[in-house]
Amino acid sequence: MFMTKDQREIQRKFRILRYAEEIGHVAKACRYFGIGRASFYRWRKAYGERGEAGLINAPPIPKWNANRTPPAREEKVLYLRRKYHLGPMRIVWYLERYHDIKMSDATVSRILRRHGLNRLPRGTRMRKVHTKRYQKQVPGHHITGGR
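With positions in the sequence shown counted from 1, the corresponding number in our numbering is that position plus 14.
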């Protein structure tokens with residue numbers, strides 16, 4: 015039976031907690047195992063609240079960045095990409111014009127990349143810009159002799 019890294023870490027922390035309880039002296043137990051008392055108390059609190067799951071090493075990063083785009087705005091960006099296959103610049107234009115939401119194209123690109131939609135499906139090409147050519151009898155007919 016092989017243990018995963020998390021299981022070994024849980025057992026180690028649990029052994030430290032149990033040892034401190036047996037000898038009745040937290041500082042001695044921490045010194046013996048070479049850990050800080052703050053860590054010990056954090057583990058003990060987590061174990062009391064969540065059991066063994068509280069002893070799993072969790073990355074010390076926040077779950078949500080304070081500056082991240084709100085979920086409602088992200089959903090609008092994703093909807094426009096999925097439904098109409100718009101690029102970042104067109105999404106920015108659409109959101110500003112119809113929803114009064116100002117957002118940079120870099121932010122839109124980041125949202126699309128985070129959700130795996132940064133590449134358009136094959137077969138969707140960029141729309142051609144149609145220029146209408148015209149011919150008139152007199153070149154420069156719009157210019158009037160205004161002297």
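Positions of the beta carbon are idealized from the N, C-alpha and C atoms, including for glycine. All of these numbers come straight from a predicted model, not from anything done at the bench.
### Query
By DSSP, does F54 sit in helix, in strand, or in coil?
Note: F54 maps to helix in three-state DSSP.
### Task
Quick one: using the 10 Å Cβ neighbour count with 16 as the cut-off for buried, is P74 buried or exposed?
Flag for P74 reads exposed.
### Task
Since I believe I30 is in contact with A41 (beta carbons under 8 Å), could you give me their beta-carbon distance rounded to a whole number of angstroms?
About 13 Å separates the two Cβ atoms, so there is no contact after all.
### Query
Per the contact definition of three or more C-beta pairs closer than 8 Å, is the stretch 124-134 in contact with the stretch 87-106?
Flag = yes, the stretch 87-106 and the stretch 124-134 touch.
#### Entry: C-alpha gap between N81 and S118, whole angstroms
Cα atoms of N81 and S118: separation of roughly 14 Å, rounded to the nearest angstrom.
### Message
Within 8 Å, do at least three Cβ pairs link the stretch 99-106 to the stretch 51-71?
### Response
They do not touch, by the three-pair rule.
### Simplified DSSP state of W107, which is helix, strand or coil
DSSP places W107 in helix when its eight states are reduced to three.
### Query
Between the C-alpha atoms of I115 and L109, what's the straight-line distance to the nearest angstrom?
Their Cα atoms are separated by approximately 5 Å.
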